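Numbering (this note's numbering), first residue to last: -3 to 260. Everything below concerns the one structure shown next.
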Amino acid sequence: MTPGKSRPAAGVTARRMRKLALMALAAGAVLASPRAARADLVVLEDGRVVKVAAYAVHEAEGQIELTLPGGGGYSIDLDRVERIVEDEVEVSEVIVEGIPEPEPDALYDLSWKEGRKALYGTPYDAIIEREAKAHNVDASLVSAVIRAESGYQPRAVSRKGARGLMQLMPATAKRLAVRRPFDPASNIRGGTKYLRMLAERFGHRPELVLAAYNAGEGAVDTYGGVPPYKETLGYVRKILTWWSPAVAQADSSAGSATKTAGGR
-3 MTPGKSRPAA
7 GVTARRMRKL
17 ALMALAAGAV
27 LASPRAARAD
37 LVVLEDGRVV
47 KVAAYAVHEA
57 EGQIELTLPG
67 GGGYSIDLDR
77 VERIVEDEVE
87 VSEVIVEGIP
97 EPEPDALYDL
107 SWKEGRKALY
117 GTPYDAIIER
127 EAKAHNVDAS
137 LVSAVIRAES
147 GYQPRAVSRK
157 GARGLMQLMP
167 ATAKRLAVRR
177 PFDPASNIRG
187 GTKYLRMLAE
197 RFGHRPELVL
207 AAYNAGEGAV
217 DTYGGVPPYK
227 ETLGYVRKIL
237 TWWSPAVAQA
247 DSSAGSATKT
257 AGGR
């Protein structure tokens, strides 16, 4: 042993070795484990909201299995679920910068217009235009929503359990009397009717109508505008890059006239 140096106590060395070993194991566990899943909000048809750590849709049984953040969980009928949205918010500045504010005194009009056709030239255009006229909704809006929801895949089923071209959740389909969600005519009829309901409820404000279609009316009411969910913000931004609402402007000589804004 070197003169002037003292040997470390055996107990200290052992404790240090154990600590290093535990740190190494912990680091390995972090590297090996998958990233923790974000939470989701499950909105039920009665308006209640359940925060979940995870969920699994069992289509064959018509059930959704909910795992709660604190552990445990339960299953409920899938047709009780109105919406599932990510419980992940952005700061208010992002909302202001990311979602166009309505022009001062602008009155948007989401009603059906002869010149507002479906946008993309698909086999479903005739159904879109028929249902848009029947429910007095802008046909170009309906087509943009279908593109965002399903990419025009009539048999689409999301991991959340939404179905068909306009991705109707079972509870929403039930509320709209859509019994065959994979039938294009039935699905578009229900989704178009829902857009009309939202337009009337939210004063034809396009950003609120789109946000409510994605996140539910309750979320828009709660936040007094577009809810700050990343998923919903992205959804609204995306559709507003494809589609522009018609703006109703006052005309002193003819009372009012409707001007069609850009088509895509």
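No residue lacks a Cβ here, since even glycine has one placed at the ideal position from N, Cα and C. Since this is a predicted model, take the numbers as computed values, not measurements.
* Classify residue 63 as helix, strand or coil using the three-state DSSP reduction. => What you label residue 63 is simply residue 67 of the sequence shown in a count that begins at 1. Here residue 63 sits in strand by DSSP.
* Asked: Nearest to residue 186 by CA position, among 128, 69, 76, is which residue?
  -> The sequence position of residue 186 within the sequence shown is 190, counting from 1. Of the listed residues, the one whose Cα sits closest to residue 186 is 128.
* Kindly indicate which three-state DSSP category residue 217 falls into: helix, strand or coil? => Reading the sequence shown from its first residue, position 221 is the one you call residue 217. In the structure shown, residue 217 sits in a helix (DSSP, three-state: H, G or I).
* Asked: The beta strand (DSSP E) spanning residue 206 covers which residue range?
  -> Here residue 206 corresponds to residue number 210 of the sequence shown, with the count starting at 1. Here residue 206 belongs to no beta strand (DSSP E); instead the alpha helix (DSSP H) covers 202 to 211.
* Return the first residue and the last residue of the beta strand (DSSP E) that residue 50 is part of. => One-based indexing of the sequence shown puts residue 50 at position 54. It spans 50 to 54 - the beta strand (DSSP E) in which residue 50 sits, taken as one unbroken run.
* Where the beta strand (DSSP E) through residue 105 begins and ends -> For this step, residue 105 is matched to residue 109 along the sequence shown. That run of the beta strand (DSSP E) goes 103 to 105.
* Asked: Which first and last residues belong to the beta strand (DSSP E) in which residue 70 is found?
  -> Start at 1 with the first residue of the sequence shown, and residue 70 comes out as number 74. Start and end: 69 to 73.
* Asked: Should the segment 184 to 198 be called in touch with the segment 167 to 176, which here means at least 3 C-beta pairs below 8 Å?
  -> yes
* **the segment 68 to 84 contacting the segment 33 to 47, beta-carbon criterion three pairs below 8 Å** => yes
* Check whether the Cβ atoms of residue 105 and residue 211 lie closer than 8 Å to each other. => The residue labelled residue 105 in the question sits at position 109 within the sequence shown. The residue labelled residue 211 in the question sits at position 215 within the sequence shown. It is not a contact, given that the beta carbons lie outside the stated cut-off.
* From what residue to what residue does the beta strand (DSSP E) around residue 137 run? -> The residue given as residue 137 occupies position 141 in the sequence shown. From DSSP, residue 137 is part of no beta strand (DSSP E) but of the alpha helix (DSSP H) over 135 to 146.
* Asked: Does the segment 48 to 65 come within contact of the segment 201 to 208, defined as at least 3 CB pairs closer than 8 Å?
  -> no
* Asked: Under three-state DSSP, which class holds residue 174?
  -> Along the sequence shown, one-based indexing puts residue 174 at 178. Reduced to three states, the DSSP call for residue 174 is coil.
* Roughly how many angstroms lie between the CA atoms of residue 120 and residue 180, to the nearest whole one? -> Reading the sequence shown from its first residue, position 124 is the one you call residue 120. Reading the sequence shown from its first residue, position 184 is the one you call residue 180. The alpha-carbon atoms of residue 120 and residue 180 are separated by roughly 8 Å.
* Collapsed DSSP secondary structure at residue 242 in the structure displayed -> Reading the sequence shown from its first residue, position 246 is the one you call residue 242. The answer is strand: DSSP assigns residue 242 an E or B state.
* contact_flag[the segment 222 to 230, the segment 152 to 166] where n(CB pairs < 8 Å) is 3 or more -> no
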